[in-house]
Amino acid sequence: MPEVRGILPRGGTVLGSSRTNPFADDGGPARIAENLAAAGVDGLIAIGGEDTLGAASRLHEEHELPVIGVPKTIDNDLGATDYTFGFDTAINIAMEAIDRLHTTADSHHRVLIVEVMGRHAGWIAFHAGLAGGANIILIPERKFDVEQVCDLVGRRFASHFAPIIVVAEGAEPEGGVPSAEADKLDAFGHVRLGGVGHWLEGEIERRTGKETRATVLGHVQRGGTPTAFDRVLATRFGLHAIDAADAGKWGTMTALRGTDIQLVQLTEATAELKTVPESLYAEAEVFFG
Ligand code: F6P
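In structure tokens, the structure reads:
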């Protein structure tokens, strides 16, 4: 197929599509149906996360459009699949960033904070933090106590090393913190997250007197060439999605369960947000400080 030749090492989209909410527009779903019919499209394979697949599921359930879902998000937060593609690439980029920050942390004896994405799930922070040897990992699933973070910072300096803190964009301190972007909503009504890293920078510097700097990785985590794991997973999802379309199994989604690809109901895809379990976070806590 010449249309897809050479796309394995490419990130992002070759169609130029982006996350958008067809239900936010009057007559959006009907226009999609018309456009698909006019273009002679037999079925739509929707590739994305919670929002894209939520909209895809509604297009199938409420408008009987022939849709199959494929789970792709760096957040890895879809309950129906063990992994989404994009996640492995994002955590490797974040891990490499942390690896590079160790140099400055150690030579300048500063507290370095890395803010990573992930929305309301701490998967990126957890995996990148553990793989990069972070001294503290803060995730949305567990509110953090700034004083306790400062104690851990002190403990790290006492061992003659400087601390690296990985904070998920959705992490919140006890008592809450105004998100810098809280007034900005996207087409799905989600708050734009971000800002906790710089907030924490100010708090730690004020409370400990130690120079503290935050790095916000942002969309860097979503770009570049995919890892081998993501390429294989995306290719396998693609194969199974085509088979499902061939068999007319509309309204389903490909999911990774263990090492097998299975088909699940598309409604299941977004039914439950998959978050970092307490027991897993406890494993990372062993290395804090
Ligand atoms: O869902 C993927 C994701 O990258 C989240 O981790 C992040 O909060 C969000 O998208 C950012 O979206 P946007 O670029 O539209 O602000």
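Counting from 1 along the sequence shown, just add 1 to a position and that's the residue number in the numbering used here.
Using N, Cα and C, we set each Cβ at its ideal position, and we do this for glycine too.
Note that this is a predicted model, so its numbers are computed, not measured.
Any non-hydrogen atom of the ligand F6P within 7 angstroms of residue i CB
| i | result |
| --- | --- |
| His128 | no |
| Leu194 | yes |
| Glu170 | yes |
| His220 | yes |
| Ile140 | no |
| Ile48 | no |
| Ile75 | yes |
| Asp184 | no |
| Met2 | no |
| Asp89 | no |
| Asp231 | no |
| Arg120 | yes |
| Arg223 | yes |
| Asp187 | yes |
Three-state secondary structure (DSSP) of residue i
| i | result |
| --- | --- |
| Ile94 | helix |
| Val221 | helix |
| Thr226 | coil |
| Ala163 | coil |
| Thr236 | helix |
| Ile69 | strand |
| Ile205 | helix |
| Arg258 | strand |
| Val298 | The requested residue 298 is not part of the displayed model; the chain covers only 2 to 290. |
| Arg6 | coil |
| Thr105 | helix |
| Pro174 | strand |
| Ala56 | helix |
| Ala215 | strand |
| Ile243 | helix |
| Glu189 | Checking the sequence, you will find Phe at residue 189 rather than Glu. Residue state, collapsed to three classes: coil. |
| Leu79 | strand |
| Asp139 | For the record, residue 139 in the displayed sequence is Leu; it is not Asp. Three-state DSSP puts Leu139 in a strand. |
| Val15 | coil |
| Val42 | coil |
Cβ neighbours of residue i in the same chain (closer than 7 angstroms, five flanking residues each side left out)
| i | result |
| --- | --- |
| Ile140 | Gly123, Ala126, Phe127, Ala169, Ala172, Val277 and Tyr282 |
| Asp107 | Phe162 and Ala163 |
Nearest to residue i (by Cα), restricted to the options the options
| i | options | result |
| --- | --- | --- |
| Arg120 | Gly155, Asp244, Gly219 and Phe238 | Gly219 |
| Glu65 | Ser280, Leu274, Leu267 and Asn93 | Leu267 |
| Met118 | Asn77, Gly17, Leu257 and Arg20 | Asn77 |
| Thr253 | Asn36, Ile243 and Phe162 | Ile243 |
Spatial neighbours of residue i in its chain, beta-carbon cut-off 6 angstroms, leaving aside the 5 residues before and after
| i | result |
| --- | --- |
| Phe230 | Asp89 |
| Glu212 | Arg111 |
| Arg208 | Cys151 |
| Ile94 | Gln222 |
| Lys185 | Arg193 |
Residue(s) in a DSSP beta bridge with residue i
| i | result |
| --- | --- |
| Ala169 | Val117 |
| Gly49 | Pro72 |
| Val277 | BP columns for Val277 are empty, so no partner. |
| Phe289 | Per DSSP, none; premise fails for Phe289. |
| Thr253 | Ile69 and Gln266 |
Cut-off 8 angstroms between Cβ atoms - residues of its own chain near residue i, not counting five sequence neighbours on either side
| i | result |
| --- | --- |
| Gly12 | Thr90, Arg223, Gly224, Gly225, Thr226 and Pro227 |
| Phe24 | Pro30, Ala56 and Arg59 |
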